[in-house]
Amino acid sequence: MNPKKQDIRALSKEELMAVFTAQGNKAFRGKQVYEWLWKKGAHRFEEMSNLSKQTREFLENEFSINHIAVDSMQRSQDGTIKNAIRLHDGLIVESVLIPTPKRTTACVSSQVGCSLDCKFCATARLKRMRNLNPDEIYDQVLAIDKQSRLYHNRKLTNIVFMGMGEPLMNYNNVLKAIEKITSKEGLAMSPKRIVVSTSGIPKMIKKMAQDGVKFNLAVSLHSAIDEIRSQIMPFNETFPLIDLRKALEFWYAKTKRQITYEYVVWEGVNDSTKDILALIEFCKFAPSKVNLIEYNPIEGGDFQQAKPDVIDNYVRMLEAKNITVTVRRSRGKDIDAACGQLANKS
Ligand code: SAH
């Protein structure tokens, strides 16, 4: 690849139109190219069949189209597909297609590796290499949409930012990717079908609220007691629960939308009544849903999923306080595609 060529997908539609008008050409050519790049997912200028040969050659000389490629694909017994995605610079991230009878969900990555250090997460073992660009995030979604059509005869219905990385540490690019995903030139998906999951960066949660984003928020809480949360999620020292709570109050005041909490219950870590009471205290200020996620063991980890009766206690006590609870079974465990298992083993 000629390094001097500019990545054409870094240009907005307006900028692309300006490229053409600067050539004395029609602005709508820019729109056509934009559609090829974003709606039709073209990887080569040759594919852009409604442009003249001359125009295609001009683009070829000036620009490159950086795109991802599915490097390898694994299918789980339960239909979950894990993709190792090769980026233009050779780095790899993972994205997962999760089918249920009524939905196909894409679980996408926002960073190569992760800068946070959650003790129970395999991705945390990889150091953060870099942020993904908006188009690299968008392309993962497009690749999974294609697989959904191929294997399940339907388009992608939902997206969760629960792959590798902390989406709010790459906020601008995640936002740009979501703009593309929800725009008419992209997949025209409703933002209500998108969930951004964060380990809880207070300043960024406030920013999301101020920006008036329309997608949903999920917070990986795992403990509502600072001492415990700091042990399993050491960045909690920097962003303690009081700050997280204030940011969520701000979010709720602005959006009036339910807040989802992700929560794993581990034996000897957060399996006592005290832990449940702290959780209730933390989330009762707004309509809340607690997703009790099954723990997916990672190599060399010494965590253990709590016993079923502890999970039952959580469900009973939360429901008694009118907090919605779901108990989520893992998908794709046999191929290391479940929550927290994404670590480029291949
Ligand atoms: N950084 C973001 C998104 C990625 S993790 C976040 O923290 O929310 C997606 C979810 O998987 C998070 O709720 C995370 O806490 C959870 N998770 C991480 N490791 C896990 C494991 N081994 N088993 C189950 N869930 C895990």
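In our numbering, the protein residues as written are 140 to 485. Note that the Cβ used here is the ideal one computed from N, Cα and C, for glycine as well.
Residue i - partner residues in DSSP beta bridges
i	result
C246	V235 and V299
L431	Y402 and V466
K221	Q213 and V235
D146	S203
S188	Answer is none; S188 lacks a bridge partner.
I333	I298
CB contact flag (residue i, residue j, <8 angstroms)
i	j	result
R384	F421	yes
V280	S336	no
I462	S427	yes
E382	P341	Here residue 382 is Asp; the residue named in the question, Glu, does not match the sequence. Going by C-beta atoms, D382 is nearer than 8 angstroms to P341.
G471	D146	no
S211	A223	yes
G180	V247	no
F184	R195	yes
I419	L387	no
When the options are compared against residue i, the one with the closest alpha-carbon
i	options	result
R467	D451, A459, L481 and I474	D451
K323	D256, V334 and K170	K170
T394	I333, G339 and K353	K353
Q250	F197, A417 and K266	K266
S369	G339, V313, I344 and M347	G339
Y400	E318, F424, M328 and S359	S359
L150	E201, E366, K192 and N189	E201
T321	N312, V429 and R332	R332
Contacts around residue i, its chain only, beta-carbon distance under 6 angstroms, and the 5 residues preceding and following it disregarded
i	result
D414	none
T160	A166
F197	none
R396	none
V172	L155
Beta-carbon proximity list for residue i, same chain, < 7 angstroms, skipping 5 on both sides
i	result
E275	I207 and L226
S287	L236, T243, R293, K294 and L295
P373	D256
A316	P273, I276 and Y277
W405	Y434, F442, Q443, Q444 and A445
A477	N435, S469, R470 and G471
Inter-residue spacing [alpha-carbon to alpha-carbon] between residue i and residue j
i	j	result
P306	P273	12 angstroms
S254	L326	30 angstroms
M187	K144	19 angstroms
M140	S203	With a pLDDT of 47 at M140, under the threshold of 50, the modelled position of this residue cannot be trusted, and the question is left open.
A445	I283	33 angstroms
D448	E233	34 angstroms
Y391	L271	28 angstroms
M156	D278	22 angstroms
I231	K241	30 angstroms
N164	E174	17 angstroms
G439	M456	33 angstroms
T219	L431	20 angstroms
N409	I437	18 angstroms
G416	K285	Per the sequence presented here, residue 416 reads as Leu, with Gly not at that position. So the alpha carbons of these two residues sit roughly 44 angstroms apart.
T239	L289	15 angstroms
R148	L176	7 angstroms
Y453	A459	10 angstroms
N365	T377	The sequence as given places Asp at residue 365; Asn does not occur at that position. Near 11 angstroms, if we compare the C-alpha coordinates of T377 and D365.
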